[in-house]
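In what follows, a single structure is set out as structure tokens and then discussed.
Protein chains in written order, with my numbering: chain C, 1 to 381; chain W, 382 to 762; chain H, 763 to 1159; chain U, 1160 to 1556.
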């Protein structure tokens, strides 16, 4: 493994870091709207990052999107970069027709089109194959019926990537399609809800929604695998975002321990708190390394190895994130419980990130199933 | 729950504590043999503790045997009290004929007869129903063939309580018998091995061993349940023994922290070590309480409730014991790694106790299966 | 040693349970069970009921309206109150009440104790300051004698429900030139005093419970001094060390663990009840075992300490009790899967009303409860301080 | 950032692997894999092979026989050596070697370095004393100059394999009246010196590795002083801070985790392979994930630090690496069920020989390995000290 950024990546990291810090400052001054922010991402070229140059992009891979996500996490930028650019963006780039790509990708890249994955359902938990929403073939295309749950930025999106079942039973791996559904199509009802980290999600009802044939992306019936592959890119990026958030709240905690005085000394002088900070730092470094590993692995062709590393990263990031977030609050004392102080905002973001695209238990299961060994204990490829 | 010892129990505890301390001192001076020690237990009346007065006993229950076991644990008395008196003793008292009891129990109580359970087999792990040893009915009784594994004091014992299969497959709950087998019977081969805590166990081969009809104890075919019930008494007593050992090694660690000086102060002045000691104390108190609960529960008629509490106790005691033992070594530093210093001896005893009669994973399984809930979350009796 | 409590204790438990079932408003019970925030009315209704029964001040001496219960009875009472989803008793009753009984003037007793017994008088606690948290002895709020009153200047922070409080019991510095602990006095301050203002502090769960209080030349009559001038520190220690039989929060933990099991039976994963998944079931079982061990520890220490008053064991129970409850709340934040993400502060307070719930209706409060749970290892003496206290008693260094 | 190492590095890895496969005695390999104790012959055979290949002192400057490898090559080498079940290199080569190269006299270099490169010269480390463990600066062993020699009195403890050692590098106090650190010198002591006696210390696993050394007027020639009198403390810091690329023990952890999985596949529970039980499998998976994260951390910190020398990161790697390996050894103590209980010290050393094994043959060393594993968080700077060091670098307080 080579963890050193190449020159282009290092330049990207530097410019995204400056960009994100500036954007945070503007948000704190309330001088930018969500639309302004999205426009700035577009201007920076970040929204087309994973696309080919032909489509207004830069051909970035897992490492590049992780770099962006990490800085967003560090500065708590409240924008749906990962769902739109990484998950939906990669899915579109990999499964649209050339014609669709020519239309869609430049619009995602310039910020005029917000497209989000709508894979989850009220009873699906984190499974992408427990799809009860149905897609019934019609003369010109398909009719979609069902419900989609906790769709991040689902109300703001112009386009939804909806998984729906063409055949088989709920839970079957096969028989699922991915459909492009404009958010304002007749029969689409979107109910916006706030999220615990102050963003927006939507519960979506699809009631006899008619889409044409070209709305079905990729190999028909393989939608579970298609969604899962796109979500893998998302998990790898999220892991980076979580590392950014952990890193920021860790720094904040260190500074608090250096400056908060009790009993005549900075409280960072107390050995029990010192050792806690060390354990937080260990948790942070483990998460940082494996998130980087996941970003690299996201582009691997070997599906088993890729899944194994990405799921390992999510497990570690969930655990490190819980620990670092909880200890950050604890070490800030009562101050950590106040909304005004920033630690709590990172804590809430980390809570969302620990659930999004599968929690630690879910990914532990995926890790185990991707880890098959021979009798000598060697990983079977 | 009432955790206060009654007057008789308090007197028993006091006299066993003095007795155990004296015996430990004699052992340290090497002035007593194993046979001497066993004789002293008999003289104290401890070997007949659970038996009715008619048979030379005191009618003691789970609490009384826990009291004895705890003091033995505290002073690291290396005698097979729990296997002989608690597990085998209770099994004999509950399942022998009156005639057998009249012969056997007074002899166990006076120390002239050492009888031990031989339930485990090379492939049985902690299950009492994975019995591959066979008992084939013959004209006068049964012929036993098979192997018994890690039988504590199996080489020293006069009598073995052997589980053997009468019918069914390995793993079946039914079809198992418990047989009284004299250790010197033709066909019985005993291979003694040392144990990690410096005691003795035996691997036993039964090769065409002929026993008569009266050797079969209790309801024929229900040997799995019979052995399990006896082992429950053993687990409850072991939990007490482990608490005694934890308690002693905890005290030893506290004293070390108070007296060992580095950097000009007793090392117990360092906050990180102080907090470690607190966590050890918490682990100890949890183990102590639930071990007491298990001792009380050992005499309950409600099998589900009994099993639930006893298995919970073993899980907690295993976890507390590992933690306290490991931290005791760590806080003693290099000194903790030396055989001469006592912490390591407690550590090794705790290792044995964590395995004996089922480890934490095994009892977690039993706890879960004994905990069935209704939809409101209430325990279903 | 015996399994189960005595028959008298079981009769007593049944009596407490029946009382709660009968007298606690079903609406309040539902709110507590669902993890919603309470209004003042929820508390008042319950306090009135407790007062009518004579059960509102069980910890006070009998002659001042206490119940005369044994420590075990108080433990059972507190467990049942928590299991029955009743609101907690105000801090005033368990904190300043015993102090006034022990050290207050006759006038103070006459004026405050009966009102507290009726559940009408709400107190704010005025100990912490922005610069004085764990290190309370460094507090800087000053009180200068001026005729028949002290003039108080400074600020106090982390008052729970100060907007309901009529009075505050506060620690203030009356002597600047002595050892820090010796210059502190305790006084009773009318929350409507001129110059006293309160400022709401929003918490991470969106809650409205916490306040900061500012004192700008607030005049406090000399008659409101508790005990002697300069002895406030010892009264505070008396108050903080006051017997807390339920400090491990066994009843609270049991109620949340039952909630967790109920939700895990209702939620599905890959089409099976989540509670049947070995991974999730094992984690619950581990919590159950620790809770059982902690429950037995609570009862055992109580029985061993009967008549001796509280020891450092309360630190042990606080540490393990809070950590265990936090683990339960953490699992509660995982049980509903992605439905932990939606969050509406109004719904946390009042439920979905006529709207269709987003996800299962029980999901709406889980994130709030998880966030809020992080405070329990901080408030009432942070667990780090509790560990210091316990270490000192073990090591004596 | 790229998946996998460069092709050159993979070729290098293959070369190392082939070398180990070819040159390491199969008997030694088997002993290491089975967790048995090694004899001196095991080490000597391997050191000779390393010497012949020129790979015995990779960390030394090239002109003194170093390999000139990059940090990553050294990491790969150390990982392969551990995975390949080769014995570790002696403390002398990685500790006193670099000190002599940097601060030794020409005569010392001539006398000791070639012998060390041949794997013939064994060193004992003489730092700790019974009263000076973590607080090394308090050491009390004295050396008084008497003509052309220092006369040494006192005792040193925790020497590993002192019975094999020809020499000791020791810290002794030569100046009693200055600041503790400033009065310490480093000297090279012949283990056969009159007045030097060694005493075996038995460890909890029954091992024979540790010793205490006593000095009764031991004469040490002035020529054996390292560097300047009174500068021993700074040489010790130089030595302890010397680059340790493999400090996380990734190769060791991987080998033990593979052993655990192999045994868990071989053992059965209720008739099924233990590794298929979700409870046991999940615990292994958790260790695997942490090991993967730690492996990546080792490599990342190495790459980030290339050319900068070791930082406080080595403390981080030591802490997590030792704790993780201890967890693996703890699971290894559970994998064979009741067969963790039998224990024969001779069998731990030499195997069952012609006897039929008691239980599975792989069970005999597991208890010994578990007991022995407790030392890794104590030796080489206890993890508490590592945490102090790391905290200081983070907080700067």
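Each residue gets a CB set at the ideal place from its N, CA and C atoms; glycine is no exception.
Option nearest residue 1017 of chain H by Cα separation, candidates H/1050, H/1003, H/993, H/1045: Here residue 1017 of chain H is taken as the residue at index 255 of the third chain, counted from 1. Residue H/1050 holds the alpha-carbon nearest to the alpha-carbon of residue 1017 of chain H among H/1050, H/1003, H/993, H/1045.
Bridge-paired residues (DSSP) for residue 1326 of chain U: Taking the first residue of the fourth chain as 1, we reach residue 1326 of chain U at position 167. Per DSSP, U/1282, U/1349.
Close-in-space but distant-in-sequence residues of the same chain around residue 209 of chain C (CB under 8 Å, 5 per side omitted): As a working note, residue 209 of chain C is residue 209 in the first chain. Once the five neighbours on either side are set aside, the close Cβ partners of residue 209 of chain C are 143, 144, 145, 181, 185, 186, 187, 188.
Nearest residue (CA-CA) to residue 109 of chain C, options C/124, C/90, C/13: Position 109 of the first chain, counted from the first residue, corresponds to residue 109 of chain C. Residue C/90 is the option with its Cα nearest to residue 109 of chain C.
Beta-carbon neighbours of residue 652 of chain W, restricted to chain C and to distances below 7 Å: Walking along the second chain from the start, residue 652 of chain W turns up at place 271. Neighbourhood of residue 652 of chain W in chain C, by CB distance below 7 Å: 270, 271, 272, in chain order.
CB contact below 8 Å: residue 275 of chain C versus chain W: Looking up residue 275 of chain C in the first chain gives position 275. By this cut-off, residue 275 of chain C is an interface position.
The segment 338 to 357 of chain C in contact with the segment 195 to 208 of chain C per 3-pair CB rule at 8 Å: A contact exists between the segment 338 to 357 of chain C and the segment 195 to 208 of chain C.
CB contact flag (residue 250 of chain C, residue 324 of chain C, <8 Å): Looking up residue 250 of chain C in the first chain gives position 250. Looking up residue 324 of chain C in the first chain gives position 324. Taking 8 Å as the Cβ cut-off, residue 250 of chain C and residue 324 of chain C qualify as a contacting pair.
Residue 1291 of chain U - partner residues in DSSP beta bridges: What you label residue 1291 of chain U is simply residue 132 of the fourth chain in a count that begins at 1. Beta-bridge pairing links residue 1291 of chain U to U/1288.
Residue 1317 of chain U in three-state terms, based on DSSP: Counting from 1 along the fourth chain, the entry for residue 1317 of chain U is found at position 158. Residue 1317 of chain U falls in the strand class under three-state DSSP.
Residues, ordered as in the chain, of the segment 1015 to 1042 of chain H that lie near chain U by beta-carbon distance below 9 Å: Contacts with chain U (Cβ-Cβ distance below 9 Å) from the segment 1015 to 1042 of chain H involve 1039, 1040, 1041, listed in chain order.
Closer than 8 Å to chain U by CB, residue 897 of chain H: The residue labelled residue 897 of chain H in the question sits at position 135 within the third chain. At a cut-off of 8 Å between beta-carbon atoms, residue 897 of chain H makes no contact with chain U.
DSSP three-state assignment for residue 545 of chain W, whether helix, strand or coil: Residue 545 of chain W sits at position 164 when you count from the first residue of the second chain. Taken through DSSP and simplified to helix, strand or coil, residue 545 of chain W comes out as strand.
Residues of its chain near residue 19 of chain C, where Cβ-Cβ distance is below 7 Å and the 5 sequence neighbours each way are ignored: To locate residue 19 of chain C, count along the first chain from 1; it is residue 19. Around residue 19 of chain C: 44.
Bridge partner(s) assigned by DSSP for residue 1309 of chain U: Here residue 1309 of chain U refers to the residue found at position 150 of the fourth chain. Residue 1309 of chain U is bridged to U/1304, U/1379.
CB contact check: residue 736 of chain W to chain U, cutoff 8 Å: Against the second chain, residue 736 of chain W aligns to sequence position 355. Closer than 8 Å to some Cβ of chain U, the Cβ of residue 736 of chain W qualifies, so yes.
Residue 1243 of chain U (DSSP reduced to helix, strand or coil): Here residue 1243 of chain U refers to the residue found at position 84 when the fourth chain is read from its first residue. Three-state result, residue 1243 of chain U: coil.
Under 7 Å (Cβ pairs) to chain C, residues found in the segment 1455 to 1467 of chain U: Answer set for the segment 1455 to 1467 of chain U: 1455, 1456, 1458, 1459, 1462.
Sequence-distant residues of its chain with Cβ nearer than 8 Å to residue 244 of chain C (five each side left out): Reading the first chain from its first residue, position 244 is the one you call residue 244 of chain C. So the qualifying residues of the chain are 69, 70, 71, 72, 73, 74, 75.
Proximity to residue 821 of chain H [Cα-Cα], best of H/785, H/835, H/872: Locating residue 821 of chain H in the third chain gives position 59, where the first residue counts as 1. Of the listed residues, the one whose Cα sits closest to residue 821 of chain H is H/835.
Start and end residues, beta strand (DSSP E) containing residue 1110 of chain H: Within the third chain, residue 1110 of chain H is the residue found at index 348, counting from 1. Residue 1110 of chain H -> not in any beta strand (DSSP E); alpha helix (DSSP H) instead, spanning 1107 to 1112.
Residue 858 of chain H versus residue 998 of chain H - alpha carbon distance: Walking along the third chain from the start, residue 858 of chain H turns up at place 96. Walking along the third chain from the start, residue 998 of chain H turns up at place 236. The alpha-carbon atoms of residue 858 of chain H and residue 998 of chain H are separated by roughly 9 Å.
Cβ distance (whole Å) where residue 948 of chain H is taken to contact residue 933 of chain H below 8 Å: As a working note, residue 948 of chain H is residue 186 in the third chain. As a working note, residue 933 of chain H is residue 171 in the third chain. The beta-carbon separation of residue 948 of chain H and residue 933 of chain H, rounded to 6 Å, stays under the 8 Å limit for a contact.
Near-chain U residues of the segment 493 to 516 of chain W - C-beta to any C-beta below 8 Å: Correct list: 501, 503, 504, 506, 507, 508, 511.
Collapsed DSSP secondary structure at residue 212 of chain C in the structure displayed: As a working mapping, residue 212 of chain C is identified with position 212 in the first chain. Strand, per DSSP.
Within-8 Å CB hit, residue 196 of chain C to chain D: Among the protein chains of the structure shown, namely C, W, H and U, there is no chain D.
8 Å Cβ cutoff, residue 381 of chain C in contact with chain U: Numbered from 1 along the first chain, position 381 holds the residue referred to as residue 381 of chain C. Residue confidence for residue 381 of chain C is low, a pLDDT of 44 falling below 50, so the modelled location carries little weight; the figure read from the coordinates is stated next. So, not an interface residue.
Distance, residue 1230 of chain U Cα to residue 1220 of chain U Cα: Your numbering for residue 1220 of chain U matches position 61 in the fourth chain. Your numbering for residue 1230 of chain U matches position 71 in the fourth chain. Those two C-alpha atoms are separated by around 13 Å.
Host alpha helix (DSSP H) of residue 1445 of chain U (start-end): For the purposes of this step, residue 1445 of chain U is taken as residue 286 along the fourth chain, with counting starting at 1. Residues 1437 to 1464.
Bridge-paired residues (DSSP) for residue 643 of chain W: Position 262 of the second chain, counting from 1, holds the residue named residue 643 of chain W. Residue 643 of chain W pairs with W/646.
Alpha carbon of residue 381 of chain C to alpha carbon of residue 272 of chain C, nearest angstrom: Within the first chain, the letter at position 381 stands for residue 381 of chain C. Within the first chain, the letter at position 272 stands for residue 272 of chain C. Confidence at residue 381 of chain C is low in this model, with a pLDDT of 44, below 50, so the placement of that residue is unreliable and no value is reported for it.
Within chain C, partners of residue 1479 of chain U - CB distance below 9 Å: Your numbering for residue 1479 of chain U matches position 320 in the fourth chain. Residues of chain C passing the Cβ test: 282, 285, 286.
Closest by C-alpha distance to residue 116 of chain C, when choosing among C/230, C/171, C/320: The count along the first chain starts at 1 and reaches residue 116 of chain C at position 116. Selected option, being the one with the closest Cα: C/230.
Bounding residues of the alpha helix (DSSP H) (the contiguous stretch that carries residue 420 of chain C): A question about residue 420 of chain C goes unanswered here, because the residues of chain C that appear run from 1 up to 381.
Within 8 Å, strictly: CB atoms of residue 313 of chain C and residue 65 of chain C: Here the question's residue 313 of chain C lines up with position 313 in the first chain. Here the question's residue 65 of chain C lines up with position 65 in the first chain. Cβ distance not < 8 Å, so residue 313 of chain C and residue 65 of chain C don't count as in contact.
Buried/exposed call for residue 940 of chain H, threshold 16 Cβ in 10 Å: As a first step, residue 940 of chain H must be located in the third chain, where it is residue number 178. Exposed.
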